[in-house]
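*Asks:* The listed protein sequences correspond, in order, to chains R and L.
Using the working numbering, the first residue of the first sequence is number 30, and each one after it goes up by one.
Using the working numbering, the first residue of the second sequence is number 30, and each one after it goes up by one.
Positions of the beta carbon are idealized from the N, C-alpha and C atoms, including for glycine.
Treat the numbers as computed from the prediction; the structure is a model and nothing was measured.
2 protein chains.
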Amino acid sequence: MAGILRRSGLKATHPRIALLNVIAESSAPVSAQEAAKRVGKKMDQATIYRAFNTLKSKKIIRQVDLRHNHAHYELFDYDDHHHMICISCGKVEDISGCEVESMYSAFLRAARSFATIEQHSLEFYGVCKTCAEKTQRKTHTIA
Amino acid sequence: MAGILRRSGLKATHPRIALLNVIAESSAPVSAQEAAKRVGKKMDQATIYRAFNTLKSKKIIRQVDLRHNHAHYELFDYDDHHHMICISCGKVEDISGCEVESMYSAFLRAARSFATIEQHSLEFYGVCKTCAEKTQRKTHTIA
DNA sequence: AAATAAATGCGAATTATTTGCATTTAAATC
DNA sequence: GATTTAAATGCAAATAATTCGCATTTATTT
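#1: Look at the alpha carbon of L:E103 and the alpha carbon of L:E63, and state the distance between them as a whole number of angstroms.
#2: Measuring CA to CA, which of L:A140, L:S125, L:D108 is closest to R:G126?
#3: Got a sec? Which residues, its chain only, sit under 6 Å from L:F81 by beta carbon, not counting five neighbours each side?
#4: Is R:D94 close to chain L? Criterion is C-beta to C-beta, closer than 9 Å.
#5: Hey, R:S56 and R:E122: beta-carbon distance below 9 Å or not?
#6: Exposed or buried, which one is R:C157 when buried takes at least 16 other CB atoms within 10 Å?
#7: Assign L:E63 to one of three DSSP states: helix, strand, or coil.
#8: Assign R:R36 to one of three DSSP states: helix, strand, or coil.
#9: Could you check which residue in L:C118, L:G69, L:L137, L:S131 has the C-alpha nearest to that of L:E162?
#10: Might you give, ordered along the chain, the residues of its own chain that have their beta carbon closer than 6 Å to the beta carbon of R:H110, omitting 5 neighbours on each side?
#11: Going by the DSSP bridge assignment, what does L:V93 pair with across the sheet?
#12: Give the straight-line distance between the Cα atoms of L:D108 and R:T159, rounded to the nearest whole angstrom.
#13: Closer than 9 Å, Cβ to Cβ, to anything on chain R: give me those residues from the stretch 139 to 153 of chain L, in chain order.
#14: Count the other CB atoms, across all protein chains shown, that sit within 10 Å of the CB of L:E147; report buried if there are 16 or more and exposed otherwise.
#15: Tell me the DSSP bridge mates of L:I114?
#16: Quick check on L:Y78: buried or exposed, where buried means 16 or more other Cβ atoms within 10 Å of its Cβ?
#17: Quick test of your reading: R:F105 and L:H149, contact by CB under 8 Å. State the CB separation rounded to the nearest angstrom.
#18: Does any CB atom of chain R fall closer than 9 Å to the CB of L:R45?
#19: Mind checking which residues open and close the alpha helix (DSSP H) that includes R:S8?
#20: Leaving out five residues before and five after L:T76 in sequence, what residues of the same chain have Cβ atoms less than 8 Å from its Cβ?
#21: Would you say R:T76 lies against chain L (beta-carbon separation less than 9 Å)?
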């Protein structure tokens, strides 16, 4: 992680490295709260938010919004994956494989006022198996 | 608008109707702040947020997240459109036409822990023509 | 017109994110 | 390795976003 930071002209500080490790090790995008919990050494929330913002501006991480009313972040790994979010319990799963990038130029033609497309995000909202089972069980229980 | 509300079992109140009109008339998803400004009669912010939440739960509107650190909402019209967001100035444009829904079943097979997909959101992040021109002008200006 | 559950407004509380400033620290230089 | 310095951190306080409790009002039902 230190190398990544230095290559972007950032100082390889302990808090940043710890934060990047947390993000890298997580299987789903991480919120400020979660990051605070998972970073061993207590890291001030201001530092977390500042790190999110600088890492985002250097395209080391990218912001992901999941309709949870607070931001999440994941590594900006350039691989083309997206997210499934359970509208019942909020669980998030990464899934991979889509061809949206290959359609950038077509979408750009359709957009009147845009010059370039640089990223996209694709989120699916549905019900996870756990919640689906619970609902079914509830239904069966009705007198 | 009154009919839509009543059909969902909601009272057709003035604040809600005014809010729905604002959302319907906007060409891009609306935030709480924008809604507050555009609704003629002063509508309390708590009322706005409560309306957003009840309308969302009834699938009359849907939440849209644009990496702006606050939520936006648009009519839940079931048509398959998405958004372009300028990473420089934040401008948002709706564009239409994609075939993501036709790929739901394939994505569902790829997702280990999900039972259903009910919605998706697809956002493109790029640079609008206005910002692109500004940047170019700046570049040209460099000694 | 009266009854009633639902919705609003207001104020205050939470939660999310940012800012100012004194102190610390990574990296560059000697 | 010690010195220097700009960048980053921590702390406290500020601002923004969202929610909550409760008394009052209002859309619907009777």
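*Replies:* Concretely, from the data shown:
#1: 12 Å
#2: Per the Cα distances, L:A140.
#3: Y102
#4: yes
#5: yes
#6: Result: buried.
#7: helix
#8: Secondary structure of R:R36 (DSSP, three-state): helix.
#9: Minimum Cα distance to L:E162 is reached at L:C118.
#10: Excluding residues within five positions, the ones whose Cβ falls inside 6 Å are D123, S125.
#11: L:H101
#12: 29 Å
#13: A139, A140, R141, S142, F143, A144, T145, I146, E147, Q148, H149, S150, L151, E152, F153
#14: exposed
#15: Paired residue(s): L:V121, L:Y154.
#16: L:Y78 should be labelled exposed.
#17: The pair is not a contact, with the Cβ atoms about 21 Å apart (cut-off 8 Å).
#18: No, its Cβ sits nowhere closer than 9 Å to a Cβ of chain R.
#19: No answer is possible for residue 8 of chain R: it lies beyond the span of chain R, which begins at 30 and ends at 172.
#20: Answer for L:T76: P44, listed in chain order.
#21: no
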